[in-house]
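In order, the protein sequence lines correspond to chains A and B. Residue numbering for the first sequence follows my numbering, starting at 1 and increasing by one per position. Residue numbering for the second sequence follows my numbering, starting at 1001 and increasing by one per position.
Protein chains: 2
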Amino acid sequence: MMDYQLTVPAILRRAETLYSKKEIVSCLPDKNIYRYTYGNFVVRVKKLGAALRKQGVREGDRVATLCWNHHQHLETYFAIPCIGAIIHPLNVRFSAEDLGYIIDEAEDKCLIVDQVLLPLFEKFKSFISISSVIVISQSSQPVPEGYLDYETLLQNGDADQFKSFDGDENTAAFMCYTSGTTGKPKGILYSHRSILLHTLSSLLASTDIGITEHDSVLSIVPMFHAGAWGLPYNCTLVGAKQVYPGPNLDTENLLRLLEAEQVTVTGAVPTVIQGILHKLDEHPGKYKLALRTIMIGGSAMPRFLVKSFNERYGVRVLHTWGMTETSPLGVTSTIHSELKKASKEEQYDHARKQGQPIPLVEIRGRNESGLIPWDGITMGELEVRGPFVAASYYKDTTANTKFTSDGWLKTGDIATIDENGFIEIRDRSKDMIKSGGEWISSVALENALMSHPAVLEAAVVGVPDARWMERPHAYLVLKEGKKVSTQELKNHLQEMFPRFWIPEGYSIIDAIPKTSVGKFLKSALREKYNREYPAINR
Amino acid sequence: MMDYQLTVPAILRRAETLYSKKEIVSCLPDKNIYRYTYGNFVVRVKKLGAALRKQGVREGDRVATLCWNHHQHLETYFAIPCIGAIIHPLNVRFSAEDLGYIIDEAEDKCLIVDQVLLPLFEKFKSFISISSVIVISQSSQPVPEGYLDYETLLQNGDADQFKSFDGDENTAAFMCYTSGTTGKPKGILYSHRSILLHTLSSLLASTDIGITEHDSVLSIVPMFHAGAWGLPYNCTLVGAKQVYPGPNLDTENLLRLLEAEQVTVTGAVPTVIQGILHKLDEHPGKYKLALRTIMIGGSAMPRFLVKSFNERYGVRVLHTWGMTETSPLGVTSTIHSELKKASKEEQYDHARKQGQPIPLVEIRGRNESGLIPWDGITMGELEVRGPFVAASYYKDTTANTKFTSDGWLKTGDIATIDENGFIEIRDRSKDMIKSGGEWISSVALENALMSHPAVLEAAVVGVPDARWMERPHAYLVLKEGKKVSTQELKNHLQEMFPRFWIPEGYSIIDAIPKTSVGKFLKSALREKYNREYPAINR
Chain A
1 MMDYQLTVPA ILRRAETLYS KKEIVSCLPD KNIYRYTYGN FVVRVKKLGA ALRKQGVREG
61 DRVATLCWNH HQHLETYFAI PCIGAIIHPL NVRFSAEDLG YIIDEAEDKC LIVDQVLLPL
121 FEKFKSFISI SSVIVISQSS QPVPEGYLDY ETLLQNGDAD QFKSFDGDEN TAAFMCYTSG
181 TTGKPKGILY SHRSILLHTL SSLLASTDIG ITEHDSVLSI VPMFHAGAWG LPYNCTLVGA
241 KQVYPGPNLD TENLLRLLEA EQVTVTGAVP TVIQGILHKL DEHPGKYKLA LRTIMIGGSA
301 MPRFLVKSFN ERYGVRVLHT WGMTETSPLG VTSTIHSELK KASKEEQYDH ARKQGQPIPL
361 VEIRGRNESG LIPWDGITMG ELEVRGPFVA ASYYKDTTAN TKFTSDGWLK TGDIATIDEN
421 GFIEIRDRSK DMIKSGGEWI SSVALENALM SHPAVLEAAV VGVPDARWME RPHAYLVLKE
481 GKKVSTQELK NHLQEMFPRF WIPEGYSIID AIPKTSVGKF LKSALREKYN REYPAINR
Chain B
1001 MMDYQLTVPA ILRRAETLYS KKEIVSCLPD KNIYRYTYGN FVVRVKKLGA ALRKQGVREG
1061 DRVATLCWNH HQHLETYFAI PCIGAIIHPL NVRFSAEDLG YIIDEAEDKC LIVDQVLLPL
1121 FEKFKSFISI SSVIVISQSS QPVPEGYLDY ETLLQNGDAD QFKSFDGDEN TAAFMCYTSG
1181 TTGKPKGILY SHRSILLHTL SSLLASTDIG ITEHDSVLSI VPMFHAGAWG LPYNCTLVGA
1241 KQVYPGPNLD TENLLRLLEA EQVTVTGAVP TVIQGILHKL DEHPGKYKLA LRTIMIGGSA
1301 MPRFLVKSFN ERYGVRVLHT WGMTETSPLG VTSTIHSELK KASKEEQYDH ARKQGQPIPL
1361 VEIRGRNESG LIPWDGITMG ELEVRGPFVA ASYYKDTTAN TKFTSDGWLK TGDIATIDEN
1421 GFIEIRDRSK DMIKSGGEWI SSVALENALM SHPAVLEAAV VGVPDARWME RPHAYLVLKE
1481 GKKVSTQELK NHLQEMFPRF WIPEGYSIID AIPKTSVGKF LKSALREKYN REYPAINR
């Protein structure tokens, strides 16, 4: 067989030869729309690649980006790996201190930054030494002095001078730092091979994402967060229309894009999707959508929202699970053929689960007694392996505790696995509540609380208890104008859970603190509890 | 990233863990149905692997099979590569002489043969030296003396003794000989990696095959011919129900299986599919089918048959193109989104084409002036490359003329490529007719002749001509009871082609000679012509 390396340039060549007339669309900071073709995109990628070489970027160098989702960011996704360098998207929601730390550790040689994000950059600029900073303006405003202008750089780039990376597929192409809620962020290197294999596996018909050239895909999930779940590379390989929202992530703008660009597939965290559902419900018939599938990741979507979206708008809400360490897609909530003839309600019960591993991903679970049975009941820490799963962290020798002795990644997520290999994430291992020797899933309690008509958001944390070691405590945000009593909440939960699961304490708060990627920041709630109830129950 | 090798055992592990309850169905020689689960299948694969090791089969050894499509053949597809050996399916339609030659060249160590194929085996048995012959009985008849019984072997195999291959993904796993119409057959080795990548690429939603766990797949295309186009590995990776017809390939039996097993996807050469269409038309409403897609390969299906199947039975006829050297899938006739709003007729015009390369396959065309433009008009020899395209032939040093100096495979097929990368095969290069310096496509003439109501089959060959060097000559098989004049045929063709394309000569014959894989054997027709018209026109 031919020695054909699995590299990002192979994706670019395919896009260039087969899809030159297809469209890529960006929503600019001023909400105007910019659109161009794959054909023009490829020419600009080559120009950027050639220009970066001229700037001194060599194979193996890291080039950081600090950008929202837009076509220029997509250009960097290709130009940087296609000259053998490593693209390193920075999470704009990290603290300035963390960003400085990351750039320093990664030894980024060059930074490409959105003009609208310069204020963030100014905050950590003094902590870092970086040779060149390139600014993407996206407006008529000139780029401030001292910075290179992205568009000028491209104009001076010569596409004919572009020399495509032609090396080993195991060469690093992409760098991502995880948004750990504790400790310093940790870096992961994706190789050309891992990107290609992740792309192929994600695009299989059997994952139920199954993007094709007929789709129009809006990547709401940020390109600075786990590579926008692979959507940019996926879309480019199969020539789907690509739509990027820029910095305008408000519900109204997202709905405008969904409608105007006749988006068929999108991906986002549950809170964003919940916002879209509320807006659709508020204005029945206003938006003419073509949506077929919403990929959900980050955390689970409550069952009633999955159902609402499907029954009111004919949209499939597809749970996925993954992490930066898994490139990131690991499992998707496909519907098993056994359920084809089941009732809709049974199918929704099933759709709550995170799902089945995509091809080339292998899973298992482990608790104190060893590997757990695949019975859908026994909980254990999920372990995974596969060709697009990280085997180590960048420059990190202390994180080896994240891998088993036989080379599987310990995910830190507590899950059950059923007989067909469908996993259900019950909790982050550190958020699991252990009360009187028994495990209580905070996520299950939260979902149940959020199904109460008065509750908008709920987070449940384990708090110290003299008798049971730990007990669940619920923090609630109520819907506008709604009230609810503690007894009412307890009654609501008692229908669904064993008695020892029911929290004694409930606190109403204004907002639940969240991480940079929109997940509940439970460590902050535990600290809050310990501050406010220093001695109670201990 | 983890060092995870792309091997056949990875497919088996997935089937074992996720799809143990799914079904595999064989139609036995006596037309009874045998069915069992993936769970049992995996246990038997392990037993077979362990038993073959006991028989002395070592890593790298070739194990030949001479079998129809059935579950035991599927077991060998996995057991042999999963112990690091190489499965070598023999084409039962090759001559005994060729089979002897192939086994000798491949140095097959062991042969697994269907009892119903023993008469064929007896014909070349004396030419070869092979250490053990294992017979699959599939009936109550005992296996003849001197042979090992497949079922006895399995009963004595110990699944716990099975040790899965754990080596490099570039190790050979599968061997296939091409059914060349000239010269000796040539062997091609597929690696574990090439099989996995071919499987992933074939299963992408964008190929329009898109087999999932919900499908029931009947492999009519033989497992001894280019690995049944990859269907056995494809189905096993995603847990589709698998249906194998055994030796009973008559239309009636195929329709019985399509109906009884609610088959959704099947693959076969056009003649088989034409037979199915005729039978459906003869008995309206008799068969309740669940078919959605028929993969067509080997040669093109006339446009009116594609249309008939779609309009009368709601079945998508999906052209594919490939060759043993391409593992074998290279392109599929997906419908480009530009055509979404086109008329049905325009879509059928498009569906005649072989299609667009599947991901990781790259194409280009070449004629005397160099690489051809992608204009859909200019004809040239198709060249391909990719990670599942052969780079050489087994033990063959003379076949290097099949590869370009920069490492692409010359396919020997003459094609056009349109601006979206859709290829249309116009002819085999050796079947192209060059008349007065201009090329005439025999395939185009054949399809046009077969659209005449009196014509069942048509083959057009180039015959010597004193003035034009070569002229087309048509051989026709008429439908029962039909007649047609030469003038009528000429009038029919004149509507569609330039005048110099229209053949002067037409011969009515009883049957068109075919190759072992059902393609027209044009060399035999050219010889026939030269025998019958030794001096005419020269």
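A virtual CB, placed ideally from N, CA and C, is assigned to each residue, including glycine.
In the structure shown, the three-state DSSP call for residue 528 (chain A) is helix.
For the segment 314–340 of chain A, the beta-carbon criterion of a distance under 9 angstroms to any beta-carbon of chain B is satisfied by 327, 334, 335, 336, 337, 338 and 340. For residue 1291 (chain B), no Cβ of chain A is located within less than 8 angstroms of the residue's own Cβ. Counting C-beta pairs closer than 8 angstroms gives three or more between the segment 68–76 of chain A and the segment 32–51 of chain A, which meets the contact rule. When C-beta atoms of the segment 400–408 of chain A are compared with those of the segment 421–440 of chain A, fewer than three pairs fall below 8 angstroms, so the two segments do not count as touching. Residue ranges of uninterrupted alpha helix (DSSP H) with 4 or more members, entirely inside the segment 1119–1191 of chain B and ordered along the chain, are 1150–1156. Apart from sequence neighbours up to five positions away, the residues of its chain that approach residue 1092 (chain B) with a beta-carbon distance below 7 angstroms are 1066, 1117, 1120 and 1224, ordered along the chain. Neighbourhood of residue 1262 (chain B) in chain A, by CB distance below 8 angstroms: empty, with the nearest CB roughly 11 angstroms away. Within the model, the alpha-carbon separation for residue 1362 (chain B) versus residue 380 (chain A) is close to 45 angstroms.
With contacts defined as CB atoms closer than 8 angstroms, residue 453 (chain A) and residue 462 (chain A) fail to qualify as a contacting pair. Out of A:29, A:12, A:192 and A:286, the CA that lies nearest to the CA of residue 59 (chain A) is found in A:192.
For the C-beta of residue 1388 (chain B), the chain A residues within less than 9 angstroms are, from N- to C-terminus, 1, 2 and 4. In the displayed model, residue 1321 (chain B) falls within a strand according to three-state DSSP. A straight-line Cα-Cα distance of about 41 angstroms links residue 1512 (chain B) and residue 1151 (chain B).
For residue 96 (chain A), the enclosing alpha helix (DSSP H) covers residues 96–106. Residue state for residue 1202 (chain B) is assigned as helix, using DSSP reduced to three classes. Here residue 1348 (chain B) carries a helix assignment [DSSP, helix/strand/coil].
For the 8 angstroms CB-CB criterion, residue 522 (chain A) and residue 458 (chain A) do not form a contact. Chain order gives the chain A residues near residue 1238 (chain B) as 204, 205, 206 and 359, where near means a beta carbon separation below 9 angstroms. With a threshold of 8 angstroms between beta carbons, residue 88 (chain A) makes no contact with chain B. Under the 8 angstroms criterion on CB atoms, residue 385 (chain A) is classed as interfacial with respect to chain B. Inter-segment contact for the segment 274–294 of chain A and the segment 315–322 of chain A is present: three or more beta-carbon pairs are separated by less than 8 angstroms.
In the three-state reduction of the DSSP assignment, residue 393 (chain A) falls in the coil class.
What residue 356 (chain A) touches in chain B, judged by beta-carbon distance under 7 angstroms, is 1018, going in chain order. Beta-bridge pairing by DSSP links residue 1435 (chain B) to B:1438. Only 1013, 1014, 1017 and 1018 from the segment 1012–1038 of chain B bring a Cβ to less than 7 angstroms from some Cβ of chain A.
For chain A, the residues of the segment 1420–1433 of chain B that bring a beta carbon within less than 8 angstroms of one of its beta carbons are 1420 and 1421, in chain order. The alpha-carbon of residue 1204 (chain B) is positioned some 17 angstroms away from that of residue 1422 (chain B).
About 12 angstroms separates the Cβ atoms of residue 1082 (chain B) and residue 1174 (chain B), ruling out a contact at the 8 angstroms cut-off.
About 7 angstroms separates the beta carbon of residue 176 (chain A) from that of residue 227 (chain A), a gap short enough to meet the 8 angstroms contact definition. By the Cβ neighbour-count rule, residue 1312 (chain B) is exposed, with fewer than 16 other Cβ atoms within 10 Å of its own. Using a Cβ-Cβ cut-off of 8 angstroms, residue 194 (chain A) is close to 1001 of chain B, given in chain order. One alpha carbon belongs to residue 6 (chain A), the other to residue 491 (chain A), and they sit about 56 angstroms apart.
Taken atom to atom, the span from the alpha-carbon of residue 1189 (chain B) to that of residue 1144 (chain B) is near 32 angstroms. Among the residues of chain A, none has a CB under 7 angstroms from the CB of residue 1377 (chain B); the nearest is roughly 18 angstroms distant. Within chain B, no C-beta atom comes nearer than 8 angstroms to that of residue 371 (chain A); the closest sits roughly 12 angstroms away.
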